[in-house]
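Here the sequence shown is numbered in the working numbering, starting from 2 and rising by one per residue. Remarks on the structure that follows.
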Amino acid sequence: MNYVSKNPPHKTDTNREKDFKQLLERIYQDRGLDFRRYHQSILKRRVALRLRENNKDSYLEYLKILAHNPDEYEKLFDVLTINVSEFFRDKPVWEDIRKVLNRVIADDKYGTRVKIWSAGCAKGEEPYSLAILAEEIGCGKRVEVYATDIDNGSLTEAREGIYDVRRVRNVPDNILKKYFDFDGHGNYVLKDFIKKKVIFKKHDLINDFPLPETNIVVCRNVFIYFTKPLQETILNKFYTSLKNGGYLIIGKAETILTEARLIFENFDTDNRIYRKKKI
Numbered sequence: 002m003n004y005v006s007k008n009p010p011h012k013t014d015t016n017r018e019k020d021f022k023q024l025l026e027r028i029y030q031d032r033g034l035d036f037r038r039y040h041q042s043i044l045k046r047r048v049a050l051r052l053r054e055n056n057k058d059s060y061l062e063y064l065k066i067l068a069h070n071p072d073e074y075e076k077l078f079d080v081l082t083i084n085v086s087e088f089f090r091d092k093p094v095w096e097d098i099r100k101v102l103n104r105v106i107a108d109d110k111y112g113t114r115v116k117i118w119s120a121g122c123a124k125g126e127e128p129y130s131l132a133i134l135a136e137e138i139g140c141g142k143r144v145e146v147y148a149t150d151i152d153n154g155s156l157t158e159a160r161e162g163i164y165d166v167r168r169v170r171n172v173p174d175n176i177l178k179k180y181f182d183f184d185g186h187g188n189y190v191l192k193d194f195i196k197k198k199v200i201f202k203k204h205d206l207i208n209d210f211p212l213p214e215t216n217i218v219v220c221r222n223v224f225i226y227f228t229k230p231l232q233e234t235i236l237n238k239f240y241t242s243l244k245n246g247g248y249l250i251i252g253k254a255e256t257i258l259t260e261a262r263l264i265f266e267n268f269d270t271d272n273r274i275y276r277k278k279k280i
């Protein structure tokens, strides 16, 4: 009697984990995007979407698809990167951002430029909201908004400034009329004068140098994707980026690590706004 199974054995969890790490390494080697220190459970759920779409069960099979079909990388990055946002998302947060910006302007007696960094800007809703806010409080000429992301596809859409009705649902009617044109096909298009106020750039929070001399860093709903060691690395980069007394704004569901409280102090606990401690 033959006791040997005719079916191939399933991969062990250890082997599957090794294959997943190989996939992340290949992404980094081929495209320079480093997901190796993101929360693995979140990444696996997102990669699984592409496996199902391609009718594949294993990471090794999916690696072969990436090798023979480079266009698949763009579809993969679309599910891996954080590209969901809205204009003026979480109204109470934006009321406090208004207060922060007013405070930065008031504290600067020399009328110098105010530099805001929207880190992980997705498709542009957040940095454009910041530019509109600056215009509305009368400091648009002094404020520079820099918006960065690792996903080229998201940055391309952001520069176009075209949004469907759902994505502008939090924008008051008077703001829509002032800063957008309706194209007649269900989309709102940002007017050129406001698009020109945001500078978009590809940037990897993990491996690239932080933007220098910023007054405000906005990085909302990004930290939840990072492991704690990576969060610490990014927080130190934001500390380097900010001027003394500068402000860091993260997502309402996020919090900074205990260790980071040595370099940041609470400014608004409810809306997760922190201030760089002055040296």
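Beta carbons: idealized from backbone N, C-alpha and C, even for Gly.
Where DSSP assigns a beta bridge to residue 202, which residues make up the other side?
In the sequence shown, residue 202 corresponds to position 201, counting from 1. Beta-bridge pairing links residue 202 to 149.
Checklist line | Simplified DSSP state of residue 80, which is helix, strand or coil | finding: Counting from one through the sequence shown, the residue named residue 80 turns up at place 79. In the structure shown, residue 80 sits in a helix (DSSP, three-state: H, G or I).
Quiz item: What are the start and end residues of the beta strand (DSSP E) that includes residue 268?
Solution: Counted from its first residue, the sequence shown places residue 268 at position 267. For residue 268, the enclosing beta strand (DSSP E) has its first and last residue at 265-269.
- Message: Below 8 Å, how does it come out for the segment 243-258 and the segment 71-83: are there three or more Cβ pairs, yes or no?
- Response: no
Assuming contact is defined by CB atoms lying nearer than 9 Å, are residue 88 and residue 130 in contact in what I supplied? Taking the first residue of the sequence shown as 1, we reach residue 88 at position 87. Taking the first residue of the sequence shown as 1, we reach residue 130 at position 129. Going by C-beta atoms, residue 88 is nearer than 9 Å to residue 130.
Quick check: the Cα distance between residue 223 and residue 124, rounded to an integer number of angstroms?
In the sequence shown, residue 223 corresponds to position 222, counting from 1. In the sequence shown, residue 124 corresponds to position 123, counting from 1. Roughly 14 Å between the two C-alpha positions.
Residue range of the unbroken alpha helix (DSSP H) whose run includes residue 21: For the purposes of this step, residue 21 is identified with residue 20 of the sequence shown, where counting begins at 1. Here the alpha helix (DSSP H) through residue 21 covers 14-32.
How would you label residue 30, buried or exposed, when you count the other beta carbons within 10 angstroms and need 16 or more for buried? Here residue 30 refers to the residue found at position 29 when the sequence shown is read from its first residue. Counting Cβ neighbours within 10 Å, residue 30 comes out exposed, since fewer than 16 surround it.
Return the bridge partner residues of residue 115 from the DSSP annotation. Locating residue 115 in the sequence shown gives position 114, where the first residue counts as 1. Answer is 144.
### Message
Could you compute how far the alpha carbon of residue 193 sits from the alpha carbon of residue 142?
### Response
Locating residue 193 in the sequence shown gives position 192, counting from the first residue. Locating residue 142 in the sequence shown gives position 141, counting from the first residue. So the alpha carbons of these two residues sit roughly 15 Å apart.
Just to confirm my understanding: we take residue 239, look at its own chain, exclude 5 residues before and 5 after, and list those with CB closer than 6 Å. What are they? The residue given as residue 239 occupies position 238 in the sequence shown. So the qualifying residues of the chain are 218 and 249.
Cut-off 7 Å between Cβ atoms - residues of its own chain near residue 278, not counting five sequence neighbours on either side
In the sequence shown, the residue the question calls residue 278 occupies position 277. Cβ neighbours of residue 278 beyond the five flanking positions: 264, 265 and 266.
Mind checking residue 70: buried by the 16 CB within 10 Å criterion, or exposed? As a working note, residue 70 is residue 69 in the sequence shown. With fewer than 16 other Cβ atoms within 10 Å, it is exposed.
Notebook entry, point to check: Just checking, does the segment 220-234 make contact with the segment 164-179 on the three C-beta pairs under 8 Å criterion?
Noted result: The segment 220-234, when compared against the segment 164-179, does not touch it at the 8 Å Cβ threshold.
| request: Out of 276, 271 and 186, state which residue places its alpha-carbon closest to the alpha-carbon of residue 261. | output: In the sequence shown, residue 261 corresponds to position 260, counting from 1. Measuring from the Cα of residue 261, the nearest candidate turns out to be 276.
Nonlocal neighbours in the same chain, by C-beta distance under 7 Å from residue 50, ignoring five residues either side
Walking along the sequence shown from the start, residue 50 turns up at place 49. Within the same chain, residue 50 has close Cβ partners 80.
Margin query: Need the endpoints of the beta strand (DSSP E) that residue 243 sits in, please.
Written below: Along the sequence shown, read from residue 1 onward, the residue named residue 243 stands at position 242. Per DSSP, residue 243 belongs to the beta strand (DSSP E) from 243-251.
**Request:** Report all residues from its chain with a CB closer than 6 Å to the CB of residue 148; omit the five preceding and five following residues, and keep chain order.
**Result:** Here residue 148 corresponds to residue number 147 of the sequence shown, with the count starting at 1. Excluding residues within five positions, the ones whose Cβ falls inside 6 Å are 119, 122, 128, 199 and 201.
In the DSSP assignment, find the unbroken beta strand (DSSP E) run with residue 163 in it and report its ends. To locate residue 163, count along the sequence shown from 1; it is residue 162. First-last of the beta strand (DSSP E) with residue 163: 163-165.
Outcome for residue 174 when other beta-carbon atoms lying within 10 angstroms are tallied against a minimum of 16
Counted from its first residue, the sequence shown places residue 174 at position 173. Exposed, because fewer than 16 other Cβ atoms sit within 10 Å of the Cβ of residue 174.
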